[in-house]
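Count along the sequence shown from 1, then add 3; that gives the number in the working numbering. We put the beta carbon where it would ideally sit given N, CA and C, even for glycine.
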Amino acid sequence: TPSKDPTPQPTKQPSPRPTPRPTKQPSSGPTNGPTCSTEQDFNLCFAVDMSGSVCNGGLFSFGNGDCLGCPLLEGCRNIFLDQDTCCNDFQSIKTFSQLMIRALDEFPAEKDFSIVQFATDASIASFPQPANAALSTVNNLSYTGGITNHAAAIASCQQSLSSSQNPGRKNFIMLITDGEPTAPENTAEAAANFMAAQAKSNGMFIIPIFISPTYDANALSFMRGLSSDDKVFDVTDFDGLLNLQEALVNQVSCS
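See the structure below:
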């Protein structure tokens, strides 16, 4: 028998307040530590570009030539810096290299650092040594000017790393440069690719760091060819090098 009155429709009791959306609690700050193991013993060679292009666009300069010897009257030298440092951009390279040495020295592993300087040719400023000695070596680097020889830089790093008294360590080459190679004449890129392939076949891990104010697909493609894993750490100016620290620390710890 139907009821005399219709059954009321069910209702949902409203909650006293809206249900808050789930939120992610923000971290207190960026992750500073590496994301992979830091216990792997290693040697690392910094190849530091001293070619003319590093300083021929400096502040208060007229920017031309190879800046050999950092002449004051040819627009290479920043007027507030000494001749050894020459320009703000080379100072940025030195500061960045020291920053990386300090950061990597915090790894709880055995490690040494060597320093290679390069332009038209390359020379070993120091063979593998502890962090404090490497910091001093970088501080004492004197800018040379010249053209860019990546092949010589990689060969010199390979020589310095091969001299290590600890052959069981992982070996890294950090190539810091602001341009494609221009030496040896007519074979610059082929020579660089050859030396990079040789270093990689000998177990060395190459990490290119490329400074370019504009996007250059051909240059980035070339730098990827030198890299051990196709990665290139690129920035648009020399001051931007300082922003690469965390990514590069992770690259060393994860490689």
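Do residue j and residue i come within 9 Å of each other at the CB atom, strictly closer than that value?
i: K209; j: I157; result: At residue 209 the sequence reads Ile, which differs from the Lys that was named. It is a contact, given that the beta carbons lie within the stated cut-off.
i: A154; j: A134; result: no
i: T217; j: A191; result: no
i: D181; j: V57; result: yes
i: Q101; j: L138; result: yes
Taking the continuous beta strand (DSSP E) assigned at residue i, which residues delimit it?
i: V51; result: F45 to D52
i: V238; result: F236 to V238
i: T180; result: K173 to T180
i: I212; result: M207 to I214
To the nearest angstrom, how far is the alpha carbon of residue i from that of residue j?
i: I104; j: N142; result: 12 Å
i: E109; j: L76; result: 43 Å
i: N221; j: G55; result: 21 Å
i: S204; j: N174; result: 12 Å
i: L245; j: G72; result: 26 Å
i: N91; j: F116; result: 24 Å
i: A50; j: P111; result: 24 Å
i: F65; j: G206; result: No answer about F65 holds up, because its pLDDT of 48 lies below 50 and its placement is not dependable.
i: L164; j: A202; result: 10 Å
i: G149; j: A122; result: 5 Å
i: S95; j: M53; result: 12 Å
i: C39; j: S256; result: 5 Å
Please list the terminal residues of the continuous alpha helix (DSSP H) segment that includes residue i.
i: S40; result: Segment: none, S40 is in no alpha helix (DSSP H) and carries neither H nor E.
i: Q101; result: N91 to D108
i: N196; result: A191 to S204
i: C160; result: H153 to S165
So for residue i, helix, strand or coil by DSSP?
i: K114; result: strand
i: Q120; result: strand
i: T147; result: coil
i: A125; result: strand
i: Q248; result: helix
i: F130; result: strand
i: F225; result: helix
i: C257; result: helix
i: N81; result: coil
i: G55; result: helix
i: S231; result: coil
i: T88; result: coil
i: D242; result: helix
i: A137; result: helix
i: N142; result: helix
Does the Cβ of residue i have 16 or more other Cβ atoms within 10 Å, making it buried, or fewer, making it exposed?
i: C70; result: buried
i: E42; result: exposed
i: G243; result: exposed
i: Q168; result: exposed
i: P184; result: buried
i: N189; result: exposed
i: A263; result: Outside the modelled stretch of the chain, which goes from 4 to 258, sits residue 263, for which no answer is possible.
i: P171; result: The residue asked about is misnamed: residue 171 is Gly in this sequence, not Pro. By the neighbour-count rule (16 or more Cβ atoms within 10 Å), G171 is not buried but exposed.
i: Q161; result: buried
With respect to 8 Å, is the separation between the Cβ of residue i and the closest non-hydrogen atom of the ligand ATP below this value?
i: Q168; result: Annotation note on the ligand ATP: not contained in the displayed structure, which lists no ligands.
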